[in-house]
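A short write-up of the structure that comes next.
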Amino acid sequence: MRKFIILFAILVILFLWSGSALAQGELQFIKLGNYRLENGQIISNCRLAYRTFGALNEDKSNIVLFPTWLAGTTKDLVDLGLIGPGKLADSSKYFIVAVDAFGSGVSSSPSNSKLQPNQAFPQFSIKDMVDTQYILLTRYLHLTRIHGVIGISMGAMMAYQWMVSYPDFINKVVAIVGTPKLTSYDLLLWQAELNAINACAGKSKNTCMKVVADIHNLHSRTPQYVTANILPESFPQFLTEAERGIMKFNAYDWAWQLKAIVGHDIYRSFGGKPETAANTIRAKALIVWAKQDLTANSEPAQILARYLHAETLELPGDCGHLSFLCASEILRDRVNTFME
1 MRKFIILFAI
11 LVILFLWSGS
21 ALAQGELQFI
31 KLGNYRLENG
41 QIISNCRLAY
51 RTFGALNEDK
61 SNIVLFPTWL
71 AGTTKDLVDL
81 GLIGPGKLAD
91 SSKYFIVAVD
101 AFGSGVSSSP
111 SNSKLQPNQA
121 FPQFSIKDMV
131 DTQYILLTRY
141 LHLTRIHGVI
151 GISMGAMMAY
161 QWMVSYPDFI
171 NKVVAIVGTP
181 KLTSYDLLLW
191 QAELNAINAC
201 AGKSKNTCMK
211 VVADIHNLHS
221 RTPQYVTANI
231 LPESFPQFLT
241 EAERGIMKFN
251 AYDWAWQLKA
261 IVGHDIYRSF
271 GGKPETAANT
281 IRAKALIVWA
291 KQDLTANSEP
301 AQILARYLHA
311 ETLELPGDCG
321 HLSFLCASEI
331 LRDRVNTFME
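Note that the UniProt record's numbering has the sequence shown beginning at 1, numbered continuously upward.
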């Protein structure tokens with residue numbers, strides 16, 4: 001009988017623990033009603049999705065925001081091991097607020113809007129994404145300041161926008177393989193993907209996303225990496241898997257986020273001058289770029305880093321834009337040290 005009682009007690013503890021684990025990272029939504037974007041268009045029945053991880057400390061000084069990248073979701077951040085105890089976003093120390101961007105297919109997007117589906121969906125911007133994140137943090141989570149923002153790729157674009165939009169709200173910013181302003185080479189890449197989608201008018205969207213996948217995969221890694229790691233005889237399998245990974249995304253969601261990226265420029269309100277923008281930035285910054293990145297040219301990030309006297313990290317290797325995964329331990333250790 002005593003053994004049964006002990007076993008029952010253990011099962012109860014495990015049940016309670018599992019319930020707590022499920023609560024961690026549960027997908028939640030806030031309703032923003034008919035939300036007016038900076039271009040004047042309105043998203044009807046606007047919703048923003050988010051997840052939280054870790055515990056909020058007594059003085060609410062340990063909040064870290066983690067927005068998503070192009071076509072990424074907060075679930076991806078978890079599945080790739082970027083959020084959790086001892087991870088890049090360390091939930092054993094910080095209260096992580098991960099937010100699904102507009103166009104992710106989770107928050108309001110062309111693919112999930114009943115009133116404004118697909119091409120009828122309003123065009124949002126990177127700044128709109130940041131503004132709604134600010135609303136989430138202030139009006140719904142009742143925060144007056146956060147410790148930091150961590151962003152990767154498109155998420156890093158949001159991190160840069162945070163620095164100029166809400167300079168007194170954040171202490172630290174980690175911008176990883178992103179840019180404060182696109183170069184002409186960046187624009188060439190994203191416009192090529194947009195053109196591929198636009199050329200598919202009246203055709204199967206899977207057809208155009210297959211072309212987008214090829215363009216995207218061509219730039220996400222370096223030629224050296226592809227040559228060294230993918231043998232010609234295994235190329236058909238690689239191509240099939242790479243295309244399948246991107247063809248699952250909705251073409252309108254992808255295009256709307258692309259257009260937000262193309263319009264991204266944190267210097268627009270500062271006469272196009274990085275030095276003027278830098279004078280308004282108060283957050284300490286860690287700016288990270290990849291040694292070889294064909295997706296996000298690192299020059300604008302390096303220029304801003306010099307104006308800010310920011311900490312910097314160049315990710316080594318030939319993984320290109322995906323260096324944040326290939327050099328994940330180097331990145332994690334540096335970010336964790338910086339965030340302390």
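Idealized CB from N, CA, C, for every residue including glycine. From a predicted model like this one, the values you see are computed outputs, not experimental measurements.
Exercise. Which of helix, strand or coil does DSSP assign to Leu82?
Worked result: The answer is coil: DSSP assigns Leu82 none of H, G, I, E or B.
### Query
Roughly how many angstroms separate the alpha carbons of Thr337 and Gly54, rounded to a whole number?
Per the coordinates, the alpha-carbon of Thr337 lies some 18 Å from the alpha-carbon of Gly54.
Label Leu187 either buried or exposed according to how many other C-beta atoms from any shown protein chain fall within 10 Å of its C-beta, with 16 as the threshold for buried. By the beta-carbon neighbour count (other beta carbons within 10 angstroms, threshold 16), Leu187 is exposed.
**Item:** For Val288 and Ala159, believed in contact at Cβ under 8 Å, the rounded distance
**Value:** About 10 Å separates the two Cβ atoms, so there is no contact after all.
- Item | Runs of alpha helix (DSSP H) lying entirely within the segment 169 to 212, each at least 4 residues, in chain order | Complete alpha helix (DSSP H) runs here, min 4: 184 to 198.
Check your understanding: Which residues mark the beginning and the end of the alpha helix (DSSP H) in which Tyr140 is found?
Key -> For Tyr140, no alpha helix (DSSP H) segment is defined, and its DSSP state is neither H nor E.
Exercise for review: For Val97, write down the residues that DSSP places opposite it in a beta bridge.
Suggested key: Thr52 and Leu65.
Legend entry - Neighbour-count burial assignment, Ser107, 16 or more Cβ in a 10 Å radius: Per the 10 Å Cβ criterion, buried.
Quiz prompt | Counted within 10 angstroms of its Cβ, other Cβ atoms place Tyr185 as buried (16 or more) or exposed | solution = Here Tyr185 is exposed: its Cβ has fewer than 16 other Cβ atoms, across all protein chains shown, within 10 Å.
**OP:** Report buried or exposed for Pro85, applying the criterion of at least 16 other Cβ atoms within 10 angstroms of its Cβ.
**Re:** It counts as exposed.
| message | Once the 5 residues before and after Ile303 are set aside, which same chain residues still bring their CB inside 6 Å of it? | response | Only Pro274 meet the Cβ criterion.
For this session: Answer yes or no: do Ser220 and Leu56 have a C-beta to C-beta separation smaller than 8 Å?
Result: No, Cβ-Cβ distance for Ser220 and Leu56 is not below 8 Å.
Give the straight-line distance between the Cα atoms of Ala101 and Asn62, rounded to the nearest whole angstrom. Here the alpha carbons of Asn62 and Ala101 stand approximately 22 Å from one another.
Which of helix, strand or coil DSSP assigns to Ile281 | DSSP places Ile281 in coil when its eight states are reduced to three.
Practice problem: Please report how far the alpha carbon of Asn217 lies from the alpha carbon of Asp59, in whole angstroms. | Solution: In a straight line, the C-alpha of Asn217 is about 44 Å away from that of Asp59.
Taking the alpha-carbon of Ala317 as reference, which of Thr222, Asp128 and Gln133 has the nearest alpha-carbon?
With the sequence shown as reference, residue 317 is identified as Gly, and Ala is not the correct amino acid for it. Answer by Cα proximity: Thr222.
Once you ignore the five residues that flank Ile126 on each side, which residues in its own chain have a CB closer than 8 Å to its CB? For Ile126, where only same-chain residues beyond five positions count, the Cβ hits under 8 Å are Met154, Met157, Met158, Gln161, Ala260, Ile261, Gly263 and His264.
By the three-class DSSP mapping on this structure, what secondary structure does Gly317 have?
The answer is coil: DSSP assigns Gly317 none of H, G, I, E or B.
*Tell me whether Phe66 is buried or exposed, calling it buried when 16 or more other Cβ atoms sit within 10 Å of its Cβ.*
Counting Cβ neighbours within 10 Å, Phe66 comes out buried, since at least 16 surround it.
Give the single residue among Tyr140, Gly40 and Thr74 whose Cα lies nearest to the Cα of Leu32. In this structure, Tyr140 is the residue among Tyr140, Gly40 and Thr74 with its C-alpha nearest to the C-alpha of Leu32.
Just to confirm, are Asp131 and Arg282 a CB contact at a threshold of 8 Å? Going by C-beta atoms, Asp131 is not nearer than 8 Å to Arg282.
What do you get for Glu233, buried or exposed, if any count of 16 or more other CB atoms within 10 angstroms of its CB means buried?
Result: exposed.
Verify whether the separation of the beta carbon atoms of Ser104 and Thr68 is less than 8 Å. Yes; because the gap between Cβ atoms is below 8 Å, this pair is in contact.
- Cβ neighbours of residue 359 in the same chain (closer than 8 Å, five flanking residues each side left out): With the chain represented from 1 up to 340, any question about residue 359 goes unanswered, as that position is not in the structure.
Check for me: the alpha helix (DSSP H) holding Gly245 runs from which residue to which? Per DSSP, Gly245 belongs to the alpha helix (DSSP H) from Phe235 to Met247.
Q) Between the C-alpha atoms of Asn171 and Gly148, what's the straight-line distance to the nearest angstrom? A) Going from the Cα of Asn171 to the Cα of Gly148 covers about 6 Å.
### Query
Would a check of beta-carbon distances place Lys273 closer than 8 Å to chain C?
Considering every chain present, this structure includes no chain C. It has just one protein chain.
Q.
On the CB-based measure, 16 or more other CB atoms within 10 Å of its CB, does Asp333 come out buried or exposed?
A. Asp333 comes out exposed.
Notebook entry, point to check: What's the C-alpha gap between Thr276 and Ile266?
Noted result: Cα to Cα, Thr276 sits roughly 11 Å from Ile266.
Three-state secondary structure assigned by DSSP to Ser269: Of the three classes helix, strand and coil, the one that applies to Ser269 here is helix, per DSSP.
Cutting at 7 Å between CB atoms, please list the residues of its own chain near Gln224, excluding the five before and the five after it. The residues are Asp318.
Item to check | Opening and closing residue of the beta strand (DSSP E) in which Gly151 lies | outcome: Unbroken beta strand (DSSP E) run through Gly151: Ile146 to Ile152.
**Message:** Can you list, in chain order, the residues of its chain with a C-beta nearer than 7 Å to that of Asn112? Leave out the 5 residues immediately preceding and following it.
**Reply:** Only Gly105 meet the Cβ criterion.
| said: Short of 7 Å in beta carbon distance, which residues of its chain neighbour Gln292, apart from the five on each side in sequence? Order them along the chain. | reply: Contacts found: Thr222, Asp318 and Gly320.
| task | Work out the CA separation of Arg51 and Gly25 for me, nearest whole Å. | result | Rounded to whole angstroms, Gly25 to Arg51 spans 5 Å at the Cα level.
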